[in-house]
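Enquirer:
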Amino acid sequence: MEFTVSQVAEVLRGTTEGDATQKIDRLAKIEEAQPGSLSFLANLKYEPHLYTTGASAVIVSRDLVLRQPVTAALIRVDDPYSSFTTLLEFYQQATRTGRRGVEEPAFLGAGSEVGEGHYRGAFSYVGENCKIGRDVLIFPHAYIGDRCRIGDGTIIYAGAKLYPDTVVGARCVIHAGAVLGSDGFGFAPQPDGSYRPIPQIGNVVLEDNVSIGANTTIDCATMGSTVIREGAKIDNLVQLAHNVEVGRHTVIASQTGISGSTKIGDFCVLAGQTGIAGHLTLANRTTVTAQSGVGKSIKEEGVFLQGAPAFNLRDSLRAQAVFRHLPDLERRLSVLERANPKPEKS
Amino acid sequence: MEFTVSQVAEVLRGTTEGDATQKIDRLAKIEEAQPGSLSFLANLKYEPHLYTTGASAVIVSRDLVLRQPVTAALIRVDDPYSSFTTLLEFYQQATRTGRRGVEEPAFLGAGSEVGEGHYRGAFSYVGENCKIGRDVLIFPHAYIGDRCRIGDGTIIYAGAKLYPDTVVGARCVIHAGAVLGSDGFGFAPQPDGSYRPIPQIGNVVLEDNVSIGANTTIDCATMGSTVIREGAKIDNLVQLAHNVEVGRHTVIASQTGISGSTKIGDFCVLAGQTGIAGHLTLANRTTVTAQSGVGKSIKEEGVFLQGAPAFNLRDSLRAQAVFRHLPDLERRLSVLERANPKPEKS
Amino acid sequence: MEFTVSQVAEVLRGTTEGDATQKIDRLAKIEEAQPGSLSFLANLKYEPHLYTTGASAVIVSRDLVLRQPVTAALIRVDDPYSSFTTLLEFYQQATRTGRRGVEEPAFLGAGSEVGEGHYRGAFSYVGENCKIGRDVLIFPHAYIGDRCRIGDGTIIYAGAKLYPDTVVGARCVIHAGAVLGSDGFGFAPQPDGSYRPIPQIGNVVLEDNVSIGANTTIDCATMGSTVIREGAKIDNLVQLAHNVEVGRHTVIASQTGISGSTKIGDFCVLAGQTGIAGHLTLANRTTVTAQSGVGKSIKEEGVFLQGAPAFNLRDSLRAQAVFRHLPDLERRLSVLERANPKPEKS
């Protein structure tokens with residue numbers, strides 16, 4: 095795609111300075127921009143880059159007073175950051191999510207309904223008796239099992255897999271290779287030491303505006319539902335076990351694992367590679383730092399946890415600081431012991 | 095699916111009390127059940143819920159003596175837990191694993207044989223010269239490379255991938271997105287610091303009754319086989335490297351990684367996010383707690399390990415307990431130092 | 095596949111001893127070989143196995159002087175290791191990567207070009223306006239989004255997913271289920287505690303000779319490119335976040351995660367389950383041991399890091415050694431305290 099500076103200015107209701115006939119075909123940060131790029135200046139900390147940038151055009155504030163000559167064309171708008179975000183969203187739609195219609199062959203099972211404005215890519219699979227809303231994008235190789243329900247405007251990227259009976263809200267994004275509804279890891283030990291699978295008959299429910307990362311796995315509930323509440327954002331390669339609940343607007347970074355039946359509150363933040371044991375409850379606004387392991391429920395809101403096993407962040411940082419010079423600590427102890435005759439055993 | 099209480103009672107050879115014409119369309123725990131649900135009471139600890147449950151019907155023991163009035167219909171059987179498990183298995187089959195036949199388009203390579211009673215979903219791929227047993231379910235987007243062998247009654251869920259020459263026993267379950275037989279991570283360092291791939295020509299062998307979780311990866315052996323023995327249960331997002339062996343009825347929880355050529359014994363339990371270094375042997379019945387890192391072979395059976403690096407559980411718990419108050423330990427040491435004049439250097 | 099010993103000898107330009115009409119159908123290590131196997135002896139440490147091996151034939155050096163009778167046929171060559179590697183590569187090509195042509199149905203979008211000598215498996219998907227080089231193998235269920243560019247001789251295994259605009263160099267290997275180009279995990283916090291997605295419009299670039307493991311995920315850049323440089327080898331289930339750069343000939347083992355905008359130098363080694371925080375720079379030839387967590391940039395080349403948080407390997411090993419006997423340390427401290435009267439508070 096290629097646009098002239100004046101075309102972009104028109105979309106943004108901005109005014110132009112400099113050569114508005116230049117062509118731009120990509121977006122870039124002002125400090126990295128090459129000819130052909132459109133950039134923006136919102137934070138005046140970056141103003142010096144304006145006078146040296148390689149960008150063909152830069153979106154700036156109507157108020158900006160230039161202190162040096164500028165080679166790039168300028169597009170003046172009320173709010174450069176917001177204008178640039180609009181362009182980013184437009185660009186993302188144009189390059190990734192703008193396709194509509196059905197590419198053949200695509201499979202649609204008996205009794206399934208798909209709303210208007212959808213895309214179903216080649217080799218996508220929708221099972222029987224599914225209800226799929228309007229403007230849903232189903233990319234190639236996505237698998238949607240029987241009786242799934244999917245809300246309006248949701249995007250299911252290539253090769254994501256929804257087991258039967260999965261429920262997904264509106265405006266969710268499920269990235270490539272994510273698996274929703276695989277069996278919970280439940281096995282009954284037998285007298286001979288072997289295990290018998292416990293049937294897992296529940297499902298996975300995503301509320302609205304949930305984002306699921308690439309190759310993340312979310313097991314179905316043993317009975318009932320594994321639930322991800324409104325607005326929660328889950329990164330790549332995360333594991334959520336059977337009957338887990340993730341609260342509203344909670345953020346879970348990559349490679350974190352949450353064991354069975356644990357409930358994470360609203361507005362929590364779990365950093366990368368964290369592990370949470372099973373059957374726990376974490377209060378709202380709990381924050382867990384990277385690689386921590388949480389083994390106890392947290393009842394107080396707003397706690398910061400660190401370490402494996404995790405405890406409160408301040409104490410954990412102090413203990414870690416001492417850990418680093420443990421050999422020195424031991425040496426100091428030995429010095430004292432040599433200075434003190436060993437006491438008699440009482 | 096909807097059944098009357100009396101239909102269910104007939105299947106379970108039970109007797110009914112209360113309104114046996116009520117309809118039930120799902121299974122639920124007695125404490126969470128809503129109208130329309132069938133529940134069960136096996137452990138008398140839960141008996142109080144019997145008198146307050148919202149379930150339309152509850153499976154109870156023939157011997158149970160009611161201590162209060164019950165609004166739910168009752169189905170009396172000899173063994174409520176076993177009866178309920180039968181229903182769960184029936185339900186799972188009805189909703190997930192009951193489909194048979196071939197959905198087109200499905201790919202079947204030259205020289206491949208598939209036994210009776212199978213399901214091959216749309217867009218499933220079976221390469222050349224495969225031997226697939228009876229009652230095997232191959233879901234959409236599953237990939238089975240050339241010359242694979244798969245035993246009777248095995249289920250391969252959507253988008254699971256078996257590289258050529260993979261061998262899978264009978265009654266195995268391979269969840270969505272799992273990869274069996276990717277190249278082992280073997281590279282020969284070259285004089286210039288680059289790496290040349292070492293060809294990986296072995297395969298992956300699963301014995302009978304093995305379960306593999308969603309998006310788990312199992313590399314082929316460099317030569318020979320990476321082997322998962324009978325009844326082993328592997329959770330989601332687990333990594334098993336080339337030439338690993340996992341013993342019989344061993345359980346490996348999510349996000350655990352086992353490095354190349356390590357042998358895990360029978361009846362072991364590896365909790366979540368554990369790491370095991372390469373070329374080790376873990377004796378039978380070894381247990382490793384979550385997030386531990388095992389760097390040495392374990393020769394004695396029945397050992398519990400914890401920590402990174404892991405050592406025996408009791409000592410590890412004690413060391414962790416002291417770790418938490420390391421700053422206090424250091425303060426106590428400083429107090430003693432101030433009370434003791436520094437000795438002359440000898 | 096089955097060959098006679100003399101057929102193999104001819105390919106390797108070797109001479110035979112013993113029964114050269116024997117048939118061989120697999121390759122094996124000399125100490126594990128069964129009848130029907132071809133093995134090799136390069137390191138004389140293994141010579142005793144030559145006299146006991148079950149192999150039907152063994153590749154040995156022209157110079158080797160036998161010290162006992164051998165039952166296996168021998169193929170004498172100049173360099174047994176190199177000859178065997180040639181056979182391994184031949185075997186791998188014959189069993190895995192030898193297929194050419196198009197299996198239908200396969201999807202090829204408008205405006206896409208694919209070079210000669212390629213394989214496109216059934217249900218593989220190539221979007222619009224892609225440029226794909228010569229001798230590229232695209233296995234079943236692989237997804238290649240619009241405008242991707244792929245260099246000569248690259249292999250994309252089953253179900254790997256390349257989002258639009260991904261660039262892959264020559265002779266790369268992308269294993270099954272890997273995802274390249276999923277959205278970076280970027281969300282702008284809103285006043286009400288919810289998050290608004292930040293559009294992610296960058297891409298992923300792999301240079302030549304890069305290897306990507308099964309189910310590994312690499313996010314696209316927010317703007318610009320997430321870059322994996324020449325010859326880097328990435329194992330299974332690794333997470334590389336938006337705008338990460340991985341240097342030339344760097345090796346990253348399984349389940350490691352690298353947070354956004356971090357730059358890893360050339361010739362680095364990151365062992366399994368390591369975590370690297372965001373916005374860091376690791377100098378060339380940095381080595382990080384398994385399960386470590388790196389929270390600071392490393393400026394000096396050639397450093398070994400260990401621990402979580404990581405510091406230099408030698409100090410970390412010492413601190414870990416003291417950690418193991420912390421309870422003993424505390425006991426020794428208590429003994430000293432009992433021997434010393436508590437000082438007055440000053």
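Protein chains in written order, with my numbering: chain A, 95 to 440; chain B, 95 to 440; chain C, 95 to 440. Glycine included, every Cβ here is placed at the ideal spot set by N, Cα and C.
Taking L376 (chain B) as the reference, which of B:G263, B:S176, B:D277, B:V340 has the closest Cα?
Expert: Counted from its first residue, the second sequence places residue 376 (chain B) at position 282. That would be B:V340, whose Cα lies nearest to the Cα of L376 (chain B).
Enquirer: By the DSSP assignment, the beta strand (DSSP E) with T109 (chain C) in it spans what residues?
Expert: Here residue 109 (chain C) refers to the residue found at position 15 when the third sequence is read from its first residue. Here the beta strand (DSSP E) through T109 (chain C) covers 109-111.
Enquirer: 8 Å is my cut-off, CB to CB: does L430 (chain A) come that close to chain B?
Expert: As a position in the first sequence, residue 430 (chain A) is number 336, starting the count at 1. Taking Cβ atoms only, chain B reaches closer than 8 Å to L430 (chain A), which makes this a yes.
Enquirer: What residues in its chain sit with their C-beta under 7 Å from that of A270 (chain A), if we drop five residues either side in the sequence?
Expert: Start at 1 with the first residue of the first sequence, and residue 270 (chain A) comes out as number 176. Counting only Cβ-Cβ distances below 7 Å, and skipping sequence neighbours, we find Y251, A252, G253, A254, A308.
Enquirer: Is there contact here, the region 153-163 of chain A with the region 123-142 of chain A, by at least three beta-carbon pairs under 8 Å?
Expert: Yes, the region 153-163 of chain A touches the region 123-142 of chain A.
Enquirer: List the DSSP bridge partners of L407 (chain C).
Expert: What you label residue 407 (chain C) is simply residue 313 of the third sequence in a count that begins at 1. DSSP output for L407 (chain C) lists no bridge partner at all.
Enquirer: Buried or exposed for T383 (chain C), please, with buried defined as at least 16 other CB atoms from any protein chain shown within 10 angstroms of its CB.
Expert: Locating residue 383 (chain C) in the third sequence gives position 289, counting from the first residue. Buried, since its Cβ has 16 or more Cβ neighbours within 10 Å.
Enquirer: Mark D277 (chain C) as exposed unless 16 or more other C-beta atoms lie within 10 angstroms of its C-beta, in which case mark it buried.
Expert: Translated into positions along the third sequence, residue 277 (chain C) becomes position 183. That one is buried.
Enquirer: Compare the C-beta of D259 (chain C) with all C-beta atoms of chain D and state if any pair is closer than 8 Å.
Expert: The structure shown has no chain D; the protein chains it does contain are A, B and C.
Enquirer: Starting from the beta carbon of Q414 (chain B), find every residue of chain A whose beta carbon is closer than 8 Å, and list them in chain order.
Expert: In the second sequence, counting from the first residue as 1, residue 414 (chain B) sits at position 320. Within chain A, the residues near Q414 (chain B) are P403.
Enquirer: Per DSSP, which one or two residues make a beta bridge with R243 (chain A)?
Expert: Position 149 of the first sequence, counting from 1, holds the residue named residue 243 (chain A). Beta-bridge pairing links R243 (chain A) to A:K225, A:V261.
Enquirer: Can you list, in chain order, the residues of its chain whose CB lies under 8 Å from that of N330 (chain B), leaving out five sequence neighbours each side?
Expert: In the second sequence, the residue the question calls residue 330 (chain B) occupies position 236. Counting only Cβ-Cβ distances below 8 Å, and skipping sequence neighbours, we find H269, G307, A308, N309, T310, S348, Q349.
Enquirer: Taking beta-carbon pairs under 7 Å, can you tell me which members of the region 120-141 of chain A lie near chain B?
Expert: Listed by position, the residues of the region 120-141 of chain A near chain B (Cβ gap below 7 Å) amount to none.
Enquirer: Check for me: the beta strand (DSSP E) holding S281 (chain C) runs from which residue to which?
Expert: Here residue 281 (chain C) refers to the residue found at position 187 when the third sequence is read from its first residue. The sequence given here has Phe at residue 281 (chain C), not Ser. It spans 281-283 - the beta strand (DSSP E) in which F281 (chain C) sits, taken as one unbroken run.
Enquirer: Based on Cα-Cα distance, which residue from C:G148, C:L138, C:R194 lies nearest to P129 (chain C)?
Expert: Counting from one through the third sequence, the residue named residue 129 (chain C) turns up at place 35. It is C:G148 whose Cα lies nearest to the Cα of P129 (chain C).
Enquirer: Residues of chain C with a CB under 7 Å from the CB of I328 (chain B): which are they?
Expert: One-based indexing of the second sequence puts residue 328 (chain B) at position 234. Within chain C, no residue comes near I328 (chain B); the closest Cβ sits about 13 Å away, beyond 7 Å.
Enquirer: Name the residues in the region 250-276 of chain B whose C-beta lies less than 8 Å from a C-beta of chain C; which are they?
Expert: Listed in sequence order: G253, K255, Y257, P258, D259, G271, V273, S276.
Enquirer: Between L364 (chain B) and the rest of its own chain, which residues show a CB-CB distance below 6 Å, the 5 nearest in sequence each way excluded?
Expert: Here residue 364 (chain B) refers to the residue found at position 270 when the second sequence is read from its first residue. Taken in chain order, the residues that qualify are I346, T350, V382.
Enquirer: On the criterion of 16 or more Cβ atoms from any shown chain inside 10 Å, does V105 (chain B) qualify as buried, or is it exposed?
Expert: Working through the second sequence from its first residue, we reach residue 105 (chain B) at position 11. Looking at its Cβ environment, which holds fewer than 16 other Cβ atoms inside 10 Å, V105 (chain B) is exposed.
Enquirer: Looking at V416 (chain A) and L423 (chain A), is the spacing between their C-beta atoms short of 8 Å?
Expert: Translated into positions along the first sequence, residue 423 (chain A) becomes position 329. Translated into positions along the first sequence, residue 416 (chain A) becomes position 322. Against a cut-off of 8 Å, the Cβ pair of V416 (chain A) and L423 (chain A) comes out as a contact.
Enquirer: From Q162 (chain C) to E126 (chain C), what does the alpha carbon distance come to, in whole angstroms?
Expert: The residue you call residue 162 (chain C) lines up with position 68 of the third sequence. The residue you call residue 126 (chain C) lines up with position 32 of the third sequence. Taking the straight line joining both Cα atoms gives about 20 Å.
Enquirer: Under 6 Å Cβ to Cβ from A282 (chain B), same chain only, skipping five residues before and after it: list those, please.
Expert: Residue numbering aside, residue 282 (chain B) sits at position 188 when the second sequence is read from its first letter. Result list for A282 (chain B): R290, I292, in chain order.
Enquirer: Residue range of the alpha helix (DSSP H) that P142 (chain A) falls in?
Expert: For the purposes of this step, residue 142 (chain A) is taken as residue 48 along the first sequence, with counting starting at 1. Looking at the DSSP string, the run of the alpha helix (DSSP H) that includes P142 (chain A) is 141-144.
Enquirer: Could you pull the DSSP bridge partners for T344 (chain B) from this structure?
Expert: Here residue 344 (chain B) corresponds to residue number 250 of the second sequence, with the count starting at 1. According to DSSP, which records beta bridges pairwise, T344 (chain B) is partnered with nothing at all.
Enquirer: Measure the alpha-carbon distance for T180 (chain A) versus G209 (chain C) and round it to whole angstroms.
Expert: Start at 1 with the first residue of the first sequence, and residue 180 (chain A) comes out as number 86. Start at 1 with the first residue of the third sequence, and residue 209 (chain C) comes out as number 115. Answer to the nearest angstrom: the Cα atoms are 38 Å apart.
Enquirer: Among C:H235, C:G239, C:G211, which residue has its Cα nearest to the Cα of A204 (chain C)?
Expert: Looking up residue 204 (chain C) in the third sequence gives position 110. Of the listed residues, the one whose Cα sits closest to A204 (chain C) is C:G239.
Enquirer: With DSSP as the reference, label S150 (chain B) as helix, strand or coil.
Expert: Residue numbering aside, residue 150 (chain B) sits at position 56 when the second sequence is read from its first letter. Looking at S150 (chain B) - three-state DSSP - the assignment turns out to be coil, as it is neither helix nor strand.
Enquirer: Quick one, which of B:I358, B:D259, B:A315, B:A371 has its alpha-carbon nearest K225 (chain B)'s?
Expert: Counted from its first residue, the second sequence places residue 225 (chain B) at position 131. When each option's Cα is compared against that of K225 (chain B), the closest is B:D259.
Enquirer: Any idea what DSSP makes of Y251 (chain A), helix, strand or coil?
Expert: Position 157 of the first sequence holds residue 251 (chain A). It is coil, neither helix nor strand.
Enquirer: Are there 16 or more other CB atoms within 10 angstroms of the CB of P174 (chain C), so buried, or fewer, so exposed?
Expert: Indexing the third sequence from 1 puts residue 174 (chain C) at position 80. Result: buried.
Enquirer: Look at the alpha carbon of I328 (chain B) and the alpha carbon of H235 (chain A), and state the distance between them as a whole number of angstroms.
Expert: Here the question's residue 328 (chain B) lines up with position 234 in the second sequence. Here the question's residue 235 (chain A) lines up with position 141 in the first sequence. C-alpha separation (whole angstroms): 25 Å.
Enquirer: Quick one: what does DSSP say T311 (chain A) is sitting in, helix, strand or coil?
Expert: On the first sequence, position 217 is the one that residue 311 (chain A) refers to. The answer is strand: DSSP assigns T311 (chain A) an E or B state.
Enquirer: So with Cβ pairs under 8 Å, would you call L427 (chain B) a contact of chain C?
Expert: In the second sequence, the residue the question calls residue 427 (chain B) occupies position 333. Closer than 8 Å to some Cβ of chain C, the Cβ of L427 (chain B) qualifies, so yes.
Enquirer: If you draw a straight line from the C-alpha of I124 (chain A) to the C-alpha of K139 (chain A), how long is it?
Expert: What you label residue 124 (chain A) is simply residue 30 of the first sequence in a count that begins at 1. What you label residue 139 (chain A) is simply residue 45 of the first sequence in a count that begins at 1. Their Cα atoms are separated by approximately 12 Å.
Enquirer: Can you give the Cα-Cα distance for V164 (chain B) and S319 (chain B), rounded to whole angstroms?
Expert: For this step, residue 164 (chain B) is matched to residue 70 along the second sequence. For this step, residue 319 (chain B) is matched to residue 225 along the second sequence. When rounded, the distance between both Cα atoms is 58 Å.
Enquirer: Quick one, which of C:G275, C:N297, C:R193, C:A103 has its alpha-carbon nearest R170 (chain C)'s?
Expert: Translated into positions along the third sequence, residue 170 (chain C) becomes position 76. Out of C:G275, C:N297, C:R193, C:A103, C:A103 has the C-alpha closest to the C-alpha of R170 (chain C).
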